[in-house]
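Undergrad: Sharing a structure with you now.
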Amino acid sequence: MLVFWEARLVFLATPKAGSTALASALESLASVSVQRPPVLKHTTVHRFRRFVGPYLEAASKAEFTVVAMMREPRDWLGSWYRFRMREDQPDPQKSTRGISFDDFVRAWCSDPKPEFADVGSQARFLRPRQGQGVDRLFRYEDIGGFVGFLEDRLGCEITLPRVNVSPPGATDLSPETEALLQEAAAEDFALYRALP
């Protein structure tokens, strides 16, 4: 999470949606940069609106624009799957080594989810339980448009580094698993389709 005090702007770091690259490029411009631990770095919109947002607005006596990015849901799961395949994965229970993407997606669609597939949901991250959500939500696939928005808002040129990139890996799904995913992630797909 990055807070830009003068611009009255907050960037919420959706996991596996370019947040590390954006933080690397923008951290020096931010008044507040929360990078660790992951539970704080990836503060959900619900937690932000309930705890952090009211404090910022009381202290500044102004409203903040809250922005975030969202990745196409299947691609987002593919990034998680490949990320957890790394040899340096510290927790073997979260490793996807030796597991196919099809099995990973089926596990993500199950309830309860095994640890290796328990990566949350973008819809749950980006939608509040009640009240206001993010003000502007951008497609990860149009990161250039998001960077343009940030450049206008922050008044500077931004160059993104390539960091925290998931290793390559096959992300094929059977038609049956694809159908299961469309059903299990219906809220994520609907939110993504609604983006401009």
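Under the numbering used here, the sequence shown has 23 at position 11, and the numbering climbs by one with no breaks.
From the three backbone atoms N, C-alpha and C, an ideal C-beta is built for every residue, glycine too.
(1) According to DSSP, is alanine 71 part of a helix, a strand, or is it coil?
(2) Can you tell which of Val159, Thr26, Ile111 has the C-alpha that lies nearest to the C-alpha of methionine 81?
(3) Taking all protein chains shown into account, do 16 or more other C-beta atoms lie within 10 angstroms of the C-beta of glutamine 134, making it buried, or fewer, making it exposed?
(4) Per DSSP, threonine 77 forms a beta bridge with which residues?
(5) Would you please state the rounded distance, in angstroms, between the beta carbons of phenylalanine 116 and lysine 28? I believe it to be under 8 Å.
(6) Could you tell me the distance, in whole angstroms, from the CA atom of glutamate 163 to the CA atom of glutamine 142?
(7) For arginine 174, does the three-state DSSP call read helix, strand or coil?
(8) With respect to the alpha helix (DSSP H) encompassing arginine 94, which residues constitute its N-terminal and C-terminal limits?
(9) Could you say which of Ser36, Asp87, Val64, Ser43 lies nearest to glutamine 194 if we only look at CA atoms?
(10) Just the Cα atoms here: how many angstroms apart are glutamate 199 and leucine 192?
(11) Per DSSP, leucine 149 is paired with what?
(12) Take leucine 166 as the anchor and find which of Ala33, Thr32, Ser31, Ala42 has the nearest alpha-carbon.
(13) Which word fits arginine 48, buried or exposed, when buried means at least 16 other C-beta atoms lie within 10 angstroms of its C-beta?
(14) From the DSSP output, read off the bridge partner residues of leucine 14.
TA: Checking against the coordinates, here is how it stands:
(1) Position 59 of the sequence shown, counted from the first residue, corresponds to residue 71. Three-state result, alanine 71: helix.
(2) Taking the first residue of the sequence shown as position 1, residue 81 is located at position 69. Among Val159, Thr26, Ile111, the Cα nearest to that of methionine 81 belongs to Thr26.
(3) The sequence position of residue 134 within the sequence shown is 122, counting from 1. By the C-beta density criterion, glutamine 134 is buried, having at least 16 other C-beta atoms within 10 angstroms.
(4) Translated into positions along the sequence shown, residue 77 becomes position 65. Partner(s): Leu21.
(5) Residue 116 sits at position 104 when you count from the first residue of the sequence shown. Residue 28 sits at position 16 when you count from the first residue of the sequence shown. Their Cβ separation, rounded to whole angstroms, is 13 Å, which puts phenylalanine 116 and lysine 28 out of contact at 8 Å.
(6) Within the sequence shown, the letter at position 151 stands for residue 163. Within the sequence shown, the letter at position 130 stands for residue 142. Near 31 Å, if we compare the C-alpha coordinates of glutamine 142 and glutamate 163.
(7) Start at 1 with the first residue of the sequence shown, and residue 174 comes out as number 162. Note: arginine 174 maps to coil in three-state DSSP.
(8) As a working note, residue 94 is residue 82 in the sequence shown. 85-95 is the span of the alpha helix (DSSP H), which, as asked, contains arginine 94.
(9) In the sequence shown, counting from the first residue as 1, residue 194 sits at position 182. Considering only Ser36, Asp87, Val64, Ser43, the residue with the shortest C-alpha distance to glutamine 194 is Asp87.
(10) Position 187 of the sequence shown, counted from the start, is the residue given in the question as residue 199. Position 180 of the sequence shown, counted from the start, is the residue given in the question as residue 192. Straight-line Cα distance between these residues: approximately 13 Å.
(11) The sequence position of residue 149 within the sequence shown is 137, counting from 1. According to DSSP, leucine 149 bridges with Ala80.
(12) In the sequence shown, residue 166 corresponds to position 154, counting from 1. Cα-wise, what sits closest to leucine 166 is Ala42.
(13) Counting from one through the sequence shown, the residue named residue 48 turns up at place 36. Its Cβ having fewer than 16 others within 10 Å, arginine 48 is exposed.
(14) Within the sequence shown, residue 14 is the residue found at index 2, counting from 1. As a beta-bridge residue in DSSP terms, leucine 14 pairs with Phe23, Ser45.
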